[in-house]
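Asker:
Numbering (this note's numbering), first residue to last: 71 to 301.
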C-alpha cells in the first residue's frame, strides 16, 4: 500500500473469515503498516451485524485509538444453517431474506455510519466487499435472489455514502469491491475449493486495486483486477 502514508493504520471487519484473515496477514507483514486490527463476532470489542448496538459500541471502543487509513469490510453471508441461495421465486421466504440483507447490506451500512468518522483526515480508503452477482446490469442467469439483491443494495449504500463523504473528506475513497471466486467456506458448497483461488491471492489482488484508487474513484464498483463493474 505505497499510496498510504508511512506508518498507516488498518482495520479489517470480518477478520475471522478466509478473506478477512488473509487481509490481516498481508497487512500485518507490510513494512509501511504500523498496525492492523481485526474485528468479528468474537473479537474484543465484538462486532456482529446481527446486533446493531455492537456496531456502534465497537466504533466507540476504537475512538481513542489511531485514525484509520484503510478499512475493509470482508464480512457477509451467502448461505447459512437451513438455507442456500434461492434458485426460484418459490424459494423466497422472510427469514432468509432478512438474514441475508442484515449481513450484506444493513450491517455494512451501519458500519459506514459509525466507522467513517474514524477515518484519517488525509488519504484514507474504505472498501466494502461486494459481489459481481450484485450487478443488476450483469445479471444474465437469474437466481440467488436474496444474495444478488442484498449486494445490489450494498452497492447503492456505497455509492450514496461516497457522495456524502466527499463533502467532508476530500481525500477519502469509498468503494464496493468484488473479490472474485475464492476458496473459502462461503464458496465451498458451490465448488469454490476447485474453481476459486486462494484467499491470500485474492486479498493481495484487492490491495493492489485499492492502492491505485484516487478520490475520483470513490463511489465506484471495482473488480479484483481493477476493472469497473456495471451497477
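Ideal Cβ placement from N, Cα and C applies to all residues, glycine included. Keep in mind that this is a model prediction, so the values were computed, not measured.
From 162, 187 and 129, pick the residue whose C-alpha is nearest to that of residue 307; which is it?
Answerer: Because the chain here runs from 71 to 301, residue 307 falls outside it and cannot be looked at.
Asker: Using DSSP bridges, identify the partner residues of residue 196.
Answerer: In the DSSP output, where bridge partners are listed per residue, residue 196 has 141 and 244.
Asker: In chain order, what residues of the same chain lie with their CB nearer than 8 Å to the CB of residue 213, ignoring the 5 residues before and after it?
Answerer: Once the five neighbours on either side are set aside, the close Cβ partners of residue 213 are 155, 156, 157 and 158.
Asker: Three-state secondary structure (DSSP) at residue 176?
Answerer: The answer is helix: DSSP assigns residue 176 an H, G or I state.
Asker: Can you find the residues in the same chain that come closer than 7 Å, C-beta to C-beta, to residue 153, ignoring five residues on each side of it along the sequence?
Answerer: Cβ neighbours of residue 153 beyond the five flanking positions: 166.
Asker: Kindly give me the distance between the Cβ atoms of residue 180 and residue 125, rounded to whole angstroms, as I take these residues to be in contact under 8 Å.
Answerer: About 5 Å separates the two Cβ atoms, so the contact holds.
Asker: In its own chain, which residues sit with a C-beta less than 7 Å from the C-beta of residue 249, not counting the 5 before and 5 after it?
Answerer: Same-chain partners within the cutoff: 89, 199, 272, 276 and 294.
Asker: Distance check for residue 76 and residue 135, CA to CA, integer angstroms please.
Answerer: If I take the Cα positions, the gap works out to 17 Å.
Asker: On the three-state DSSP scale, how would you describe residue 94?
Answerer: It is helical.
Asker: If contact is defined by three or more beta carbon pairs under 8 Å, each pair taking one atom from either stretch, is the region 100-111 in contact with the region 79-86?
Answerer: They touch, by the three-pair rule.
Asker: Taking only three categories from DSSP, how would you classify residue 296?
Answerer: Three-state result, residue 296: coil.
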